[in-house]
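Working notes for the structure below.
Number of protein chains: 2
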Amino acid sequence: MDAVQDEAAGKRARGLDRAFEILDFLRQKRQALKPNEIAAQIGAPRSSVYELVNLLLQNGILEFTGGEGRVYLGRKLYFLGAAYENHFDFTRECEAALEQLANETRETAQFCMLDGNRYTVVRMREGARPFRISTDVGQSVPIPWTASGRLLVAHLSDQEILNFIPAQDFRLPNGDWLDPQNFIVEVRQAEREGLFTFNSIVDSFTHCFAVPVRGEEGYAAATLCLVTPRDDGIANRDHYLHCLKKAAAGLEHAPARSKRG
Amino acid sequence: MDAVQDEAAGKRARGLDRAFEILDFLRQKRQALKPNEIAAQIGAPRSSVYELVNLLLQNGILEFTGGEGRVYLGRKLYFLGAAYENHFDFTRECEAALEQLANETRETAQFCMLDGNRYTVVRMREGARPFRISTDVGQSVPIPWTASGRLLVAHLSDQEILNFIPAQDFRLPNGDWLDPQNFIVEVRQAEREGLFTFNSIVDSFTHCFAVPVRGEEGYAAATLCLVTPRDDGIANRDHYLHCLKKAAAGLEHAPARSKRG
DNA sequence: CATCTGTGTCCAATATACCGTACATGTGAT
DNA sequence: ATCACATGTACGGTATATTGGACACAGATG
């Protein structure tokens with residue numbers, strides 16, 4: 001990632017990067033793990049991981065939980081995250097927008113952002129459908145897999161996009177290869193139209209709608225999305241896009257704005 | 262602060278500790294600062310702070326905001342905090358408990374925890390009072406200043422308590438000195454009775470009620486509190502304590518329990 | 001003009017953080 | 001008993017992270 005600059009083999013890693021690699025890994029796994037397991041799965045020296053884990057435990061960044069010496073993200077991270085959320089106070093308005101979308105469309109509505117060089121669902125309202133069609137909140141997903149991804153990188157140049165997205169993220173879950181040049185074309189199209197919709201490429205039965213929520217810098221700081229069954233999505237396309245744009249307009253001042261002026 | 266183990270002068274600080282010192286400092290300040298200012302105010306070498314800030318920026322732990330090169334807590338921290346909150350899923354039940362307390366008492370209700378070796382208000386419902394009597398959410402406060410503090414350290418031995426709480430935290434905001442031995446007596450009393458109430462020692466017009474929320478380890482993982490005008494508090498003492506205990510009982514299984522079992 | 005403060009960058013010295021390796025333990029399989 | 005493996009601890013060598021100080025610049029102040 002960011003963290004993994006793996007220039008070449010045989011380099012010593014910086015403690016700080018290793019530490020956040022551990023934290024990110026635990027977040028991805030969403031469960032407590034033993035230091036040993038962490039070391040094995042992220043491919044880091046065991047002694048280093050033990051040392052870092054102990055340091056992080058002392059600072060409250062990690063906590064023992066789940067027994068057997070397993071550790072998970074700690075309370076301090078919750079406090080820091082709450083401070084961020086309080087400063088860039090998008091949560092309240094975001095929930096309102098999702099609520100509104102849910103009422104108007106009865107479909108699954110999501111608020112999405114970049115997490116480093118991947119995509120993540122920050123908040124979600126499940127639709128009224130009897131079956132559940134959605135990614136989990138907080139999971140990082142390759143940018144090219146998502147409709148929102150086309151919008152979230154649109155402020156970068158072609159070359160920057162290719163540098164930014166890890167090469168292996170162009171491989172789809174079914175093993176197919178997505179041509180990066182094709183992706184770029186879609187990015188530019190999404191940029192021009194201010195929206196992107198497609199039949200999901202990670203499953204075979206949903207249609208996805210995404211519109212940008214522009215921050216103060218003028219480009220997409222986040223997206224609002226709908227994930228719908230294919231027939232419903234295509235049948236209600238105009239209505240859904242109208243709802244999304246209206247909801248996004250209501251948010252357009254919120255992200256990256258301080259609560260206390 | 263917590264992180265500062267300052268054994269003696271003249272020691273090199275570990276990057277990780279320094280980094281989290283920076284993060285904690287920004288959280289306390291609740292505003293974006295320039296690296297230079299951070300270095301000056303936490304008493305760290307400028308060159309170190311610049312290097313660390315740049316590293317943290319690259320990882321998304323810090324973000325530029327506020328212009329002029331100022332930095333504040335970053336989006337990644339929000340994601341990590343959200344993962345913590347999702348794992349130890351106390352938020353929903355916590356809000357319900359505060360809601361209930363607010364309805365029953367019309368007073369300011371708080372959910373509080375330890376943040377390292379200090380006390381912090383995690384969530385709060387303002388009371389119906391025309392005036393506002395409360396600490397800000399997310400600020401760290403010396404443990405001895407608060408009613409909850411008596412409960413949150415009760416699982417420690419006398420000596421552990423004295424080691425745990427920074428000596429200067431026994432000095433009250435008005436300059437008075439709180440005798441640690443006296444504090445210990447109150448801790449043991451609170452432990453026996455399963456509650457603590459007093460006229461606030463940080464102002465002259467409120468009365469505070471605190472009851473423990475016990476985690477799976479059996480000791481106070483958090484507290485529920487009411488902050489009331491003195492007359493009202495004393496007049497409604499029994500009623501308020503009853504409400505608090507009921508609300509705490511409703512939470513007692515929640516903290517430190519995994520959502521996905 | 002000179003001077004001072006606030007800001008950011010660059011650099012070399014050395015204290016030490018990272019890591020490989022060995023050791024100690026427990027558990028389960030053969 | 002012997003092996004294999006998972007887990008945690010201990011320790012020394014060396015690559016390097018941390019740090020003080022030099023440098024550059026801009027704005028304010030006198």
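Note that the protein sequences, when read in sequence, are chains A and B. If you read the first sequence in our numbering, its first letter stands for residue 1, the second for the next number, and so on. If you read the second sequence in our numbering, its first letter stands for residue 262, the second for the next number, and so on. Cβ atoms here follow ideal geometry from the backbone N, Cα and C, with glycine treated the same way. All figures in this text were calculated on a predicted structure; none of them were measured in a lab.
Among the CB atoms of chain A, one or more fall inside 9 Å of the CB of B/V398. Beta bridge pairing from DSSP links A/N199 with A/H207. Along the length of the stretch 111-158 of chain A, whole beta strand (DSSP E) runs at least 3 residues long occupy 118-125, reported in chain order. Check the Cα spacing between A/I42 and each of A/A13, A/G66, A/T65: the tightest is with A/A13.
Those residues of the stretch 89-119 of chain A placed with their C-beta closer than 9 Å to a C-beta in chain B are M113, L114, D115, G116, ordered along the chain. Neighbourhood of A/I61 in chain B, by CB distance below 7 Å: F281, in chain order.
Its Cα nearest to that of A/C225, the residue A/A102 stands out among A/A19, A/A102, A/A154.
Annotated three-state conformation of B/A483 is strand, per DSSP.
At a Cβ-Cβ threshold of 9 Å, A/A83 and B/L287 count as neighbours.
Counted as a single uninterrupted DSSP element, the beta strand (DSSP E) harbouring B/L334 occupies residues 332-334.
When DSSP reads this structure, A/F64 sits in a beta bridge with A/V71.
Nearest to B/F457 by alpha-carbon distance, out of B/E356, B/V310, B/G327, B/D499, is B/D499.
Taking the C-beta atoms as reference points, A/A220 is found nearer than 9 Å to A/H155. Below the 8 Å Cβ cutoff, chain B contributes R291, V398, G399 as neighbours of A/N86, in chain order.
Of the other Cβ atoms in all chains shown, 16 or more fall within 10 Å of the Cβ of B/W406; this residue is therefore buried.
In chain order, V121, M124 place their CB closer than 6 Å to the CB of A/V137, counting only its own chain and leaving out the 5 sequence neighbours on each side. Only those residues of the stretch 425-459 of chain B whose C-beta falls short of 7 Å from the nearest C-beta of chain A would be listed, and there are none.
Rounded to the nearest angstrom, the Cβ distance from A/L251 to A/C94 is 7 Å, consistent with a contact under 8 Å. With contacts defined by Cβ atoms closer than 9 Å, A/L77 and B/G342 form a contacting pair. In the DSSP assignment, B/L284 falls within the unbroken alpha helix (DSSP H) covering 276-290. One finds L338, Y339, L341, G342, A343 in chain B with Cβ atoms closer than 7 Å to the Cβ of A/G81, taken in chain order. In the displayed model, B/P427 falls within coil according to three-state DSSP, outside both helix and strand. Flagged as an interface residue toward chain B: A/V122, by a C-beta distance shorter than 9 Å. With contacts defined by Cβ atoms closer than 9 Å, B/F459 and B/A408 form a contacting pair. In the three-state reduction of the DSSP assignment, A/A32 falls in the coil class, being assigned neither a helical nor a strand state. A/Y72 belongs to the set of residues whose beta carbon lies under 9 Å from a beta carbon in chain B. Contact annotation, A/R150 with A/E186: C-beta distance approximately 5 Å; criterion of less than 8 Å satisfied.
Under the three-state reduction of DSSP, A/A109 is assigned to strand. Residue pairing by DSSP places A/F90 in no beta bridge whatsoever.
DSSP places A/R237 in the helix class (H, G or I) of the three-state scheme.
Per DSSP, the beta bridge partners of B/R432 are B/W438. Residues of chain B with a Cβ closer than 8 Å to the Cβ of A/L33 do not exist; the shortest Cβ-Cβ separation is about 12 Å.
The residues N117, in chain order, have a CB closer than 7 Å to that of A/P166 in the same chain once the five nearest residues on each side in sequence are set aside. B/D376 and B/S401 do touch by the CB rule: their CB atoms are close to 5 Å apart, below 8 Å.
Rounded to the nearest whole angstrom, the CA to CA distance from A/Q168 to B/Q420 is 55 Å. Note that the stretch 320-331 of chain B does not touch the stretch 42-52 of chain A; fewer than 3 beta-carbon pairs, one per stretch, sit closer than 8 Å.
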